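Participant:
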Amino acid sequence: MNSLKTIPAHVAIIMDGNGRWAKQRGKERYEGHLAGVDAVRSAVRSAVRNGVKWLTLYAFSTENWARPIAEVEAIMQLFCKTVVGEGDELARQGVRVRIMGERTHFSPEVISMIERIESTTAEGDKLTLVLAFNYSARREMVLAAQTLAKRVAEGEIKAEDISEEHFSAALMTADIPDPDFIIRTSGECRLSNFLLWQASYAEFYFPEVLWPDFGEEEFDAAMAVYAERDRRYGKVIEE
Ligand code: FPP
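Per our numbering, residue 77 is the first one in the sequence shown, and the count goes up by one each step.
(1) Once the 5 residues before and after I83 are set aside, which same chain residues still bring their CB inside 7 Å of it?
(2) Based on the DSSP secondary-structure assignment, which residues constitute the bridge partners of A208?
(3) Along the chain, where does the alpha helix (DSSP H) containing H242 start, and where does it finish?
(4) Is the closest heavy atom of the ligand FPP to the C-beta of S268 under 7 Å?
(5) Near R227, which residues of its chain fall below 7 Å by C-beta distance, leaving aside the five closest residues on each side in sequence?
(6) Between the Cα of K202 and those of S122, D306, G108, V301, spot the shortest distance and give me the residue it belongs to.
(7) Identify every run of the beta strand (DSSP E) within the stretch 285-311, keeping only runs that are complete inside it and at least 3 residues long; order them along the chain.
(8) Since V116 is in the alpha helix (DSSP H), which residue starts that stretch and which ends it?
(9) Below 7 Å, is the gap between the Cβ of T158 and the nearest heavy atom of the ligand FPP?
(10) Check whether the Cβ of N140 sits closer than 7 Å to any heavy atom of the ligand FPP, and report yes or no.
(11) Would DSSP call E270 helix, strand or coil?
(12) Between the alpha carbons of E279 and D256, how many angstroms are there, rounded?
(13) Cβ of G102 versus every heavy atom of the ligand FPP: is any distance shorter than 7 Å?
(14) Any heavy atom of the ligand FPP closer than 7 Å to the CB of G93?
(15) Please determine whether the Cβ atom of W130 lies at a distance below 7 Å from any heavy atom of the ligand FPP.
(16) Relative to the C-alpha of E284, which candidate in T223, F270, G93 has its C-alpha closest?
(17) Identify, in the order they occur along the chain, each residue of the same chain with its Cβ nearer than 7 Å to the Cβ of P253, setting aside the five sequence neighbours on each side.
(18) Inspect the CB distances between the stretch 196-211 and the stretch 169-182 and report whether three or more fall short of 8 Å.
(19) How about the stretch 130-141 and the stretch 263-280: do they share at least three Cβ pairs that are nearer than 8 Å?
(20) Which residue from F155, R215, E107, E165 puts its Cα closest to that of D199?
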């Protein structure tokens, strides 16, 4: 367990830089994603060790379908292989896995892997690992608006009574606390359609390191950065 005073309950990471990592080494982009899987394992171990309760990883955005077909297929295969291969080890570490995103577009093979890992790890109580896969925050908000519009049309709630709580409850993250700390590796400073609603009061951190090089030491350094942050949620905190 970490000795820092403040540990974020929910860390969300945009894992960026796999392609550049591969290019720097004269390798195929696929090999960057393969190395990225090792960094995923390391991040999970670090999160458990630090006492983080929720770890959300942006593994595949809805926009990523526009990548070359060979790369999309490689990521899908890597995802399935990892998800199948790691289930028992994750369960042993007390990690519960949830896949967040629209389950359209996926082959029956991918759907059955998703269901399998979610059930194998359902009892995990140390950390919930949320893998955002075929996720887009704007799409998530459009779907939430549709859900609420249906509830209004069915007379369940009045349009003018729709609150932030109703909206949050209609999102894919309904039972997940908002992220406290959002990390994006590789020095890029943008959210790229990730948790746009939920990020309202998150702290941000943009280390230069490429995702495959984001090891346990880098995770611990990020925790130390967070511990120094002063979160005011728009209020004035009296000294
Ligand atoms: C971003 O780097 C990375 C991705 C879009 C894919 C991430 C996927 C994995 C780490 C593998 C599968 C995941 C799991 C959870 C098993 P990039 O390709 O955009 O890098 P670049 O900006 O340097 O080109």
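All C-beta atoms in this analysis are idealised placements derived from N, C-alpha and C, irrespective of residue type, glycine included. Since we're looking at a predicted model, the values are computed, not measured.
Facilitator: Answer, in terms of the structure:
(1) As a working mapping, residue 83 is identified with position 7 in the sequence shown. Only N126, G127, V128, M299 meet the Cβ criterion.
(2) Here residue 208 is taken as the residue at index 132 of the sequence shown, counted from 1. The partner list for A208 (beta bridge, DSSP) reads Y134, M176.
(3) If you number the sequence shown from 1, residue 242 lands on position 166. Residues 240-245.
(4) Locating residue 268 in the sequence shown gives position 192, where the first residue counts as 1. S268 Cβ: outside cutoff for every heavy atom of the ligand FPP.
(5) Against the sequence shown, residue 227 aligns to sequence position 151. Around R227: I233.
(6) Translated into positions along the sequence shown, residue 202 becomes position 126. Nearest of S122, D306, G108, V301 to K202, Cα basis: S122.
(7) Fully enclosed beta strand (DSSP E) runs of 3 or longer: not present.
(8) Here residue 116 refers to the residue found at position 40 of the sequence shown. Following the DSSP letters along the chain, one finds V116 inside the alpha helix (DSSP H) bounded by residues 105-126.
(9) Translated into the one-based positions of the sequence shown, residue 158 becomes position 82. The ligand FPP has a heavy atom closer than 7 Å to the beta-carbon of T158.
(10) As a first step, residue 140 must be located in the sequence shown, where it is residue number 64. The answer is yes for N140.
(11) One-based indexing of the sequence shown puts residue 270 at position 194. Sequence check: residue 270 is Phe here, not Glu. If DSSP states are grouped into helix, strand and coil, F270 belongs with coil.
(12) Within the sequence shown, numbered from 1, the residue matching residue 279 stands at position 203. Within the sequence shown, numbered from 1, the residue matching residue 256 stands at position 180. Rounded to whole angstroms, the gap between the alpha carbons of E279 and D256 is 6 Å.
(13) Translated into the one-based positions of the sequence shown, residue 102 becomes position 26. Checking every heavy atom of the ligand FPP against the Cβ of G102, none is found closer than 7 Å.
(14) Your numbering for residue 93 matches position 17 in the sequence shown. Answer for G93: yes, Cβ within range of the ligand FPP.
(15) Position 54 of the sequence shown, counted from the start, is the residue given in the question as residue 130. W130: no, Cβ never under 7 Å from the ligand FPP.
(16) Residue numbering aside, residue 284 sits at position 208 when the sequence shown is read from its first letter. Selected option, being the one with the closest Cα: G93.
(17) Taking the first residue of the sequence shown as 1, we reach residue 253 at position 177. Closer than 7 Å at Cβ, skipping near neighbours: A85, H86, W130.
(18) Yes, since at least three Cβ pairs between the stretch 196-211 and the stretch 169-182 fall closer than 8 Å, the two stretches touch.
(19) Taking 8 Å as the limit for Cβ pairs, the verdict is that the stretch 263-280 does touch the stretch 130-141.
(20) Numbered from 1 along the sequence shown, position 123 holds the residue referred to as residue 199. Reading off the sequence, residue 199 comes out as Glu, not Asp. Selected option, being the one with the closest Cα: E165.
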